[in-house]
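In the numbering used here, the protein residues as written are 749 to 1338.
Just so it is clear, CB atoms sit at the ideal spot from N, CA and C, and this is done for glycine as well.
Source: prediction; values computed, not measured.
First the structure, in the form of structure tokens, and then the observations on it.
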RNA sequence: GGGGUCGUAGUUCAGUUGGUUAGAACGCCUGCCUGUCACGCAGGAGGUCGCCGGUUCGAGUCCGGUCGGCCCCGCCA
């Protein structure tokens, strides 16, 4: 670069800078070579400036400019001038001016890029990941990373003002039972022993509370060796926090403050607080899931009692066997075609529904439906009343056990909203889901497992049920849901050893196993653990929603493919035999 | 572990019922062009139709397998 020093970025210049001598550096986005005058759109992280090579002004740099191609890296020195009348580009922030180049330095050439960097051209994701450093030059992707940075800055400022300490916890730690599959790291120094990468810093942040740190947070990588999805990566980032001497309301206030500061910084939006709340039981009843998208209606309505003794054998049998019949009234959807209905039936089959009964309510109130004939007029009236069925409505029914009914209808509800384009992308509906059950029965393991995690405090008044009806014990856990995506969750923790012992017992974790795996936690609880609790947000999911993307890969600089590989580095990869023997590993493959 | 979907030029895609030499746009290369901004004009190069096998006189097209991308179920306290 010689003595050249960048004076401005490619987004800085405007009418205020006219006649100034400036130096810009960046990448060649496009060149328009007229034989005489040559225009180059110069791009950097901040924006685009048009630079002009005019043979009459400086024939030497103009001569040099002919070789410039896409993505060459250059520095130019020249004078800012107002563009001629009628030549202003209103699509560009710097469109009022251009830089007449006196001196061109070619800092680096570039091969022809393997894919165009134009924003509007879709490129296969595999290729984008293989050349991620080119993909990230595209303004949309760069903006996502910039926005992520702003979000982190905003929440750091907010939490700092709220007296939080940012403290790091170990990445090499020990595997604990329960939860997701661990990523393991063999120990060289301790033959046959392994570290595990943390699924979350859960126990360490609790120990920081015992340590008297009072308020902790961390923007931290977590690792779970499970299959990937559009919103799940094997390594992901949590905004993790924990507080002492607090109750649920304190957490809600802090979390709402974090979200408010974050949305102000990234979207310039003022969120309404406090966020609405809904109990887990209500969410399951009305939406069939614990993370309802409240941007549209189509709530689930129970017909179990209405059809208990009805003439339709399928419904009656399901109810007799202890199952449920629930319905969605798709308002105004009676115009759905037979194919629409077949598609939706096939769709809910993915979630276990053996069928999808439907009724079209015609203009005269009559039912057009394959199942209409099985119901008496009175039964039809009772159903119509319960469902508030009006002419033009389309009623869907699923009859099965509770799990199938709610998951099928919850997914049907979302699919209907997508098909009918009911979802407003500019709406951000937050929702606290509260009063989760503490435990749920796992028929495979033939024992109860923790709905949240084993350190979640039970609701005081339900404690007596721990030994008698563990499935009915409510927990002091809460999730934060945004537009139907779980973006965070947490709980008040158990801070007394006796309570922790009782919960371990309810989880069928033997005292010896608890002592082996959690001795350090149990000991800490006996050494002055304060009441405490916390919450963790999924930063990737949050940024995905804020950026309006469909996958968290678009807000992660270097994400993995669905097979958990990295096309850029070709990780994971084999290692030398010697590395394995040092780690006391003797593989039986190869 | 399972279901779905895609794979053709550097990129994004088209490719009829299985039939001659596999096309388009953009990009790339050469030349021309002094006010463009997705500059324009003329010409040119560029293909193991993911891979393997099968059916057939003949396969980008049909069949089987396999590899890879994506979406989903299971899984993810």
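- One alpha carbon belongs to residue 1014, the other to residue 1105, and they sit about 45 Å apart.
- One Cα belongs to residue 1264, the other to residue 1119, and the distance between them is close to 59 Å.
- Straight through space, the alpha carbons of residue 1331 and residue 937 are spaced by roughly 8 Å.
- Straight through space, the alpha carbons of residue 1050 and residue 1220 are spaced by roughly 22 Å.
- When secondary structure is reduced to three states using DSSP, residue 1168 falls in the coil class, being assigned neither helix nor strand.
- Excluding sequence positions up to five before and after residue 963, its CB lies within less than 6 Å of the CB of 911, 912, 991, all in the same chain and listed in chain order.
- Going by beta carbons, residue 1078 and residue 1144 fall inside the 9 Å limit.
- Counting only the Cα atoms, residue 1028 lies some 23 Å from residue 1005.
- Beyond the five residues adjoining it in sequence on each side, residue 982 comes within less than 8 Å, by CB distance, of 931, 971, 972, 973, 974, 976, 1308, 1312 in the same chain, given in chain order.
- Residue 1105 carries a strand assignment under DSSP once its states are collapsed to helix, strand and coil.
- Closest in C-alpha terms to residue 1042, from the list 1091, 881, 781, 1234, comes 1234.
- Annotated three-state conformation of residue 1218 is helix, per DSSP.
- Within the same chain, Cβ atoms closer than 7 Å to the Cβ of residue 797 are found at 758, 761, 772, 790, 842, 847, the five residues on either side in sequence being excluded.
- In this structure, the beta-carbon distance from residue 1206 to residue 1251 falls below 9 Å.
- Excluding residues up to 5 positions away in sequence, 933, 943 lie with their Cβ nearer than 7 Å to the Cβ of residue 920 in the same chain.
- For residue 1023, the closest C-alpha among the options 1324, 1227, 803, 948 is that of 1227.
- Taking C-beta atoms under 8 Å as the contact rule, residue 1059 and residue 1048 fail to qualify, at a distance of about 23 Å.
- With fewer than three CB-CB distances shorter than 8 Å, the stretch 1097-1111 does not count as touching the stretch 1172-1190.
- Below 8 Å, too few C-beta pairs join the stretch 1238-1252 and the stretch 1288-1300 to call them touching: fewer than three.
- The DSSP-derived three-state label of residue 1304 is coil.
- For residue 960, no alpha helix (DSSP H) encloses it, and the DSSP letter there is neither H nor E.
- Here the C-alpha atom of residue 996 lies approximately 48 Å from the C-alpha atom of residue 1123.
- Of all alpha-carbon atoms in 1055, 755, 1197, the one lying nearest the alpha-carbon of residue 926 is that of 1197.
- Annotation for residue 1076: 1046, 1047, 1048, 1049, 1143, 1144, 1157, 1160, 1161, 1164 place their beta carbon closer than 8 Å to its own, counting only its chain and skipping 5 residues before and after.
- In this structure, DSSP gives residue 1034 a helical state, which the three-state scheme calls helix.
- Excluding five sequence positions before and after residue 1134, the CB atoms of its chain that fall closer than 7 Å to its own CB belong to 1049, 1051, 1054, given in chain order.
- The stretch 816-823 and the stretch 766-782 touch, with no fewer than 3 CB-CB distances between them shorter than 8 Å.
- Residue pairing of residue 1147 in beta bridges, as defined by DSSP: 1073.
- A buried status is given to residue 801, since no fewer than 16 other beta-carbon atoms sit within 10 Å of its beta-carbon.
- Taking a C-beta distance under 9 Å as the contact criterion, residue 1303 and residue 893 qualify as a contact pair.
- Around residue 1315, the same chain offers 874, 877, 878, 1309 as residues with beta carbons nearer than 7 Å, after the five sequence neighbours per side are excluded.
- Assignment of residue 1275 by DSSP, reduced to helix, strand and coil, places it in the coil class.
- With a contact defined as Cβ atoms closer than 8 Å, residue 966 and residue 914 qualify at about 6 Å.
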